[in-house]
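*Asks:*
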Amino acid sequence: MVHEKQGEVHAYMFAQTAPADLTRFETRVTIQDAAISTNSLDSLGYLLSHILVAAHRYGASTIRARLPLDFCLYPIYRDYSLRFIPTLWQTTESGNMLQIIDFSALMKVLIPEFQNRLQNSVTSVEDGDWQICVNEQEIYFRLRQGQLTCIDKPEPTDSVRIDLSQEPFCNLLLGLQSVCHVVRQLPVSLPRESIAFLTAIFPP
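Per the numbering used here, residue 35 is the first one in the sequence shown, and the count goes up by one each step.
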């Protein structure tokens, strides 16, 4: 199923049916795949509503949906559907054996990609300095007028420190968890500007 606006595709959703409900994880109707333009988040809601109506006509009392487990999308799920239960099926979040050897070198290589993500982000990011630390390794970023650079250590009061252990950082790096999910697990709350910066370079 595709949602178009003036001939331009903004979202699609693929669902399949089974003969009968077996369990909560094996339902009569399952949404297997979906994609959405970041400029048209409501398109996901329109498709979800349409499939829910079709599922009801098909006789399904519950459906399973393989959609992003992202707090930023929860309002859409809530506004365009009925009650939903977030369930994590992906075990790779705790099952990888990656180890960051040189965090600074890794982040410097990723600067061009981060720059591209910042330019295309739907999240507004203000200029600032950020110190990102992973397992006692650190790097300093500076954002000025949309340009991201790696800098030497600034004055202590000039940067915001973001501490992450290796596991949540790898989950962000690989796209296994959203920034919204990771920051909720941190012992210290991050400023809004820091969350916006992380969301821009590690988009959901």
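All C-beta atoms in this analysis are idealised placements derived from N, C-alpha and C, irrespective of residue type, glycine included.
1) Starting from the C-beta of Arg148, find all residues in its chain whose C-beta is less than 6 Å away, skip the five residues before and the five after it, and write them out in chain order.
2) Can you look up Met47 in the DSSP assignment and give me helix, strand or coil?
3) Taking the CB atoms as reference points, tell me whether Ile65 and Arg117 lie closer together than 8 Å.
4) Could you check which residue in Pro221, Ala230 and Pro225 has the C-alpha nearest to that of Ser212?
5) In the stretch 137 to 210, which residue ranges form an unbroken beta strand (DSSP E) of at least 3 residues, counting only runs that do not cross its ends?
6) Going by CA-CA distance only, name the one from Tyr111, Val168, Ser223 and Ile185 that's closest to Asp197.
7) Go ahead and pull the three-state DSSP assignment for Ala94.
8) Just the C-alpha distance for Ala89 and Ala69, rounded to the nearest angstrom, thanks.
9) Do you know offhand how far Asp113's Cα is from Asp76's?
10) Indicate whether Ser138 and Gln165 have their beta-carbon atoms separated by less than 8 Å.
11) Just mark Tyr92 as buried or exposed, buried being the case when its beta carbon has 16 or more other beta carbons within 10 Å.
12) Using beta-carbon positions only, say whether Gln219 and Pro237 come within less than 8 Å of one another.
13) Less than 8 Å between the CB atoms is what I'm expecting for Thr45 and Ser83, so what's the real figure, rounded?
14) Could you check what DSSP says for Thr61 in three-state terms: helix, strand or coil?
15) Would you list the one or two residues that DSSP bridges to Ile134?
16) Throw me the rounded Cβ distance for the Gly162 and Glu227 pair, which I believe falls under 8 Å.
17) For Leu78, which residues of its own chain have a beta-carbon under 6 Å away from its beta-carbon, when the five flanking residues on both sides are left out?
18) What distance in whole Å lies between the Cβ atoms of Val156 and Thr72, which are believed to be in contact at a cut-off of 8 Å?
19) Quick check on the DSSP output: the alpha helix (DSSP H) that includes Val213 runs from which residue to which?
20) Kindly indicate which three-state DSSP category Ala234 falls into: helix, strand or coil?
21) Give the secondary structure of Ile119 by DSSP, where H, G and I count as helix, E and B as strand, and everything else as coil.
*Replies:* This is what the structure gives:
1) According to the sequence provided, residue 148 is Phe. The question's Arg does not apply to it. Counting only Cβ-Cβ distances below 6 Å, and skipping sequence neighbours, we find Leu182 and Ile235.
2) strand
3) no
4) It is Ala230.
5) 162 to 168, 171 to 178, 181 to 185 and 194 to 198, all fully within the stretch 137 to 210.
6) Of the residues Tyr111, Val168, Ser223 and Ile185, the one whose Cα lies closest to the Cα of Asp197 is Val168.
7) coil
8) The straight-line gap from Cα to Cα measures roughly 20 Å.
9) Looking at the two C-alpha atoms, the distance is approximately 10 Å.
10) Their beta carbons are not under 8 Å apart, which means Ser138 does not touch Gln165 by this criterion.
11) exposed
12) no
13) Per the sequence presented here, residue 45 reads as Ala, with Thr not at that position. Wrong, their Cβ atoms sit about 12 Å apart, outside the cutoff.
14) coil
15) None, per the DSSP bridge assignment.
16) 6 Å
17) Ala45, Ile70 and Ile110
18) 5 Å
19) Val213 to Arg218
20) helix
21) coil
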